[in-house]
Amino acid sequence: MTAVAIVGAGPAGFYAAEALKLADQTLEVHLYDRYPMPFGLTRFGIAPDHQRLKAPAQLFQRTGAMPGVRFFGGVEIGRDVSLDGLRSTYPAVLLAHGAQADERLMLNGATAAEVRTAREMVAWYNGVPDVPADDFNLQRPHVVIIGNGNVAIDIARVLCRPVSELAATDISDRALLELRKSQVRQVHLIGRRGPVQARFTTRELRELGELPGVAVRVEPQYLELGAACQTELDHHSGEQARRNMDLMRDWVVRQSHLDSQRELHLHFGLVPEAMERDAYGHGQLLLRRMRLVGEPFAQRSEPTDERIRLRCDLLISSIGFRVASIPGLDLSCTPGLPHAEGRVLDTQGLPIPGLYVAGWAKRGPSGVLGTNRACAQDTVQSMLADRSHWPLPESGALKRLLDRLFASDTPPVAWEDWLHLDHLETEIGRADGRPRIKFDDMRKLHEVLRAYRSSKASAAPSE
Ligand SMILES: Cc1cc2nc3c(=O)[nH]c(=O)nc-3n(C[C@H](O)[C@H](O)[C@H](O)COP(=O)(O)OP(=O)(O)OC[C@H]3O[C@@H](n4cnc5c(N)ncnc54)[C@H](O)[C@@H]3O)c2cc1C
Ligand SMILES: NC(=O)c1ccc[n+]([C@@H]2O[C@H](COP(=O)([O-])OP(=O)(O)OC[C@H]3O[C@@H](n4cnc5c(N)ncnc54)[C@H](OP(=O)(O)O)[C@@H]3O)[C@@H](O)[C@H]2O)c1
1 MTAVAIVGAG
11 PAGFYAAEAL
21 KLADQTLEVH
31 LYDRYPMPFG
41 LTRFGIAPDH
51 QRLKAPAQLF
61 QRTGAMPGVR
71 FFGGVEIGRD
81 VSLDGLRSTY
91 PAVLLAHGAQ
101 ADERLMLNGA
111 TAAEVRTARE
121 MVAWYNGVPD
131 VPADDFNLQR
141 PHVVIIGNGN
151 VAIDIARVLC
161 RPVSELAATD
171 ISDRALLELR
181 KSQVRQVHLI
191 GRRGPVQARF
201 TTRELRELGE
211 LPGVAVRVEP
221 QYLELGAACQ
231 TELDHHSGEQ
241 ARRNMDLMRD
251 WVVRQSHLDS
261 QRELHLHFGL
271 VPEAMERDAY
281 GHGQLLLRRM
291 RLVGEPFAQR
301 SEPTDERIRL
311 RCDLLISSIG
321 FRVASIPGLD
331 LSCTPGLPHA
341 EGRVLDTQGL
351 PIPGLYVAGW
361 AKRGPSGVLG
371 TNRACAQDTV
381 QSMLADRSHW
391 PLPESGALKR
401 LLDRLFASDT
411 PPVAWEDWLH
421 LDHLETEIGR
431 ADGRPRIKFD
441 DMRKLHEVLR
451 AYRSSKASAA
461 PSE
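Position one of the sequence shown corresponds to residue 1 (our numbering), numbered consecutively onward.
1) Rounded to a whole number of angstroms, what is the C-alpha to C-alpha distance between R307 and R203?
2) Could you work out which residue in S237, A55, A152 is closest to G370 when comparing CA atoms only?
3) Does DSSP put E232 in a helix, a strand or coil?
4) Quick one: what does DSSP say V187 is sitting in, helix, strand or coil?
5) Output the distance between the C-alpha atoms of S325 and A361, rounded to the nearest integer angstrom.
6) Which residue or residues does DSSP assign as beta-bridge partners of Y356?
7) When you compare only the Cα positions, how much space is there between G468 and G8?
8) List the whole-angstrom C-beta distance separating L189 from H236, where the pair is believed to meet the contact cut-off of C-beta under 8 Å.
9) My output table needs one value for A5: the three-state DSSP class, helix, strand or coil.
10) By DSSP, does P303 sit in helix, in strand, or in coil?
11) Can you give me the C-alpha to C-alpha distance between R43 and N126, rounded to a whole angstrom?
12) Does ligand 1 have even one heavy atom less than 7 Å from the beta-carbon of L369?
13) Give a yes or no on contact between the stretch 174-191 and the stretch 291-298, applying the rule of three or more CB pairs nearer than 8 Å.
14) Can you tell me whether L287 is helix, strand or coil according to DSSP?
15) Can you pull the DSSP bridge partners for P351?
16) Assign P272 to one of two classes, buried (16 or more other C-beta atoms within 10 Å of its C-beta) or exposed (fewer than that).
17) Tell me, which residues are paired with P272 by DSSP?
18) Report the three-state DSSP secondary structure of F136 (helix, strand or coil).
19) Considering V163, what are the terminal residues of the beta strand (DSSP E) in which it resides?
20) Using the Cβ count rule (16 or more neighbours within 10 Å means buried), how would you classify H423?
21) Where does D403 sit, in a helix, a strand or coil, going by DSSP?
22) So, are the CB atoms of E276 and L286 less than 8 Å apart?
23) In whole angstroms, give me the CA-to-CA distance for Y280 and R262.
24) Measuring from the CB of E76, is there a heavy atom of ligand 3 at a distance below 7 Å?
25) Can you tell me which of the three DSSP states G149 falls into?
26) Do you know how far the Cα of Y15 is from the Cα of R373?
27) Taking C-beta to C-beta, are I121 and I316 nearer than 8 Å?
28) If we call anything under 8 Å between Cβ atoms a contact, is V357 one with L384?
29) What are the boundary residues of the alpha helix (DSSP H) that T89 is part of?
30) Is there at least one non-hydrogen atom of ligand 1 closer than 7 Å to the beta-carbon of P485?
31) Would you tell me roughly how many angstroms separate the C-alpha atoms of E427 and I171, rounded to the nearest one?
32) For ligand 1, any of its heavy atoms closer than 7 Å to the Cβ of L53?
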């Protein structure tokens with residue numbers, strides 16, 4: 001039997017596992033994940049009010065149940081097992097560990113208001129285990145979100161959506177509790193370039209205008225385009241931007257006078273410079289107005305002399321993610337790991353034998369779930385083509401590694417354990433009219449698993 005290891009049980013890891021098994025049923029595929037639960041950002045990224053977008057998890061569930069696919073949840077490569085250790089255990093290792101770090105916003109005087117990242121907020125509302133229950137305080141009216149991508153929109157929507165609607169989703173209970181007390185009234189979404197360059201998709205943008213009790217405000221001057229922006233908009237590649245512009249123009253006309261519980265303001269061409277305090281000690285964000293200069297599709301953003309101030313109690317920076325290196329892997333990760341057709345390259349540009357990459361770790365943090373399927377399949381093709389050259393693992397290393405992991409106080413979460421957790425989460429959720437209620441407390445999770453394992457052990461026939 002030959003076993004290969006995949007680091008990261010997110011979409012890229014599962015799509016790769018599926019492709020490996022479909023190509024060769026005799027291969028064992030071992031999926032390692034730092035979290036006890038599988039599926040990566042399908043579970044911990046996609047917004048709770050977008051349940052149907054999590055549908056690929058059903059496919060991953062089937063892949064996880066395939067004979068010869070094993071899941072080792074709660075095992076972090078680089079912490080619990082070194083990358084070198086893994087590479088000497090398996091002939092081939094595929095890195096599918098996503099982009100787990102933040103792009104950092106540079107801001108002076110940030111202490112005048114709370115400054116957090118999108119990753120932190122998403123982890124909190126999506127139930128990543130062990131994030132403190134009170135990680136976010138929403139009992140303040142003014143929130144500013146920096147960034148014009150779909151993650152920024154997700155966060156704005158979760159902050160503005162009526163809590164009665166969120167209560168029917170799988171949002172974490174800790175977030176639901178805080179959102180019930182929410183005093184958030186004004187949410188500002190800030191883009192550094194113009195509306196034509198915004199990265200959000202029209203479906204996500206449109207949903208903002210459909211939120212009950214929320215008025216979306218766009219100042220008409222933001223939608224006045226210079227000649228270069230108009231050329232970009234008119235170009236055949238500008239379809240999404242045209243639809244976005246139509247939507248925003250419609251909001252300017254229709255929605256500006258609506259009474260509302262919350263206001264969601266879209267701003268463009270602004271870059272945050274500093275956080276200040278006003279005379280009452282409230283946080284105030286100072287932003288510099290930018291202008292776009294240059295030819296269509298090569299416009300640069302230049303600062304003007306104009307600045308504006310916005311009240312800000314909580315600032316969330318949603319300006320993208322970075323691929324984090326794994327200890328022992330001394331390579332640049334921008335945008336993803338250096339590779340040739342999924343073969344990881346060393347600093348000389350040569351393939352590292354038996355080391356591969358897929359998903360966001362390969363391409364950088366862009367693309368939807370489905371994008372990772374073709375990406376993972378391409379890498380698997382390279383893996384299989386190299387098979388006769390895979391390095392030989394150390395004899396007995398796999399048994400030694402698994403013996404060590406399973407001897408720990410918190411042994412890896414196996415697929416069967418996950419099925420048990422999944423069953424409990426959905427059963428408890430169903431009783432409450434929700435798709436599931438996530439376990440987000442590590443201590444409780446391990447208690448449940450211990451009870452399950454010991455009930456299984458006592459039910460097993462004695463030899
Ligand atoms: C907030 C957010 C919302 C999104 N919403 C949508 C959406 O609605 N629809 C859509 O189609 N796409 C969405 N996306 C994009 C989609 O989630 C990604 O395309 C996809 O998850 C990338 O897959 P991946 O497997 O490369 O990375 P990930 O999903 O991040 O999976 C990586 C896995 O590796 C594990 N890992 C990391 N480091 C280690 C380590 N050292 N050892 C062991 N395991 C490790 C992680 O725990 C994780 O499970 C969203 C992304 C974000 C950030
Ligand atoms: N529903 C969905 O399908 C869904 C939901 C969430 C996420 N996703 C996908 O997941 C991926 C990641 O999404 P994302 O929103 O994190 O990333 P993104 O789409 O790359 O957007 C990042 C935003 O941050 C801005 N930005 C970057 N650096 C900045 C800085 N220093 N200062 C100010 N602004 C800065 C970018 O502006 P510039 O354009 O000027 O660089 C851009 O507006 C995307 O592919 C997205 O489509 C999909």
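All residues carry an ideal CB built from backbone N, CA and C; glycine is no exception.
On the basis of the supplied data:
1) 32 Å
2) A55
3) helix
4) strand
5) 9 Å
6) L94, R343
7) A query on residue 468 cannot be resolved here, the shown segment of the chain reaching from 1 to 463 and no further.
8) With 8 Å as the limit, L189 and H236 do not qualify as a contact, their Cβ atoms being about 27 Å apart.
9) strand
10) strand
11) 7 Å
12) yes
13) no
14) strand
15) L345
16) buried
17) L287
18) coil
19) Where V163 is concerned, there is no enclosing beta strand (DSSP E), although the alpha helix (DSSP H) it sits in stretches over 163-166.
20) exposed
21) helix
22) yes
23) 23 Å
24) The model depicted lacks ligand 3 and carries ligand 1 and ligand 2 instead.
25) coil
26) 5 Å
27) Note on identity: in this sequence residue 121 is Met, with Ile being the wrong assignment. Their beta carbons are under 8 Å apart, which means M121 touches I316 by this criterion.
28) no
29) 83-89
30) Nothing can be reported for residue 485: it is not among the residues displayed for the chain, which extend from 1 to 463.
31) 15 Å
32) yes
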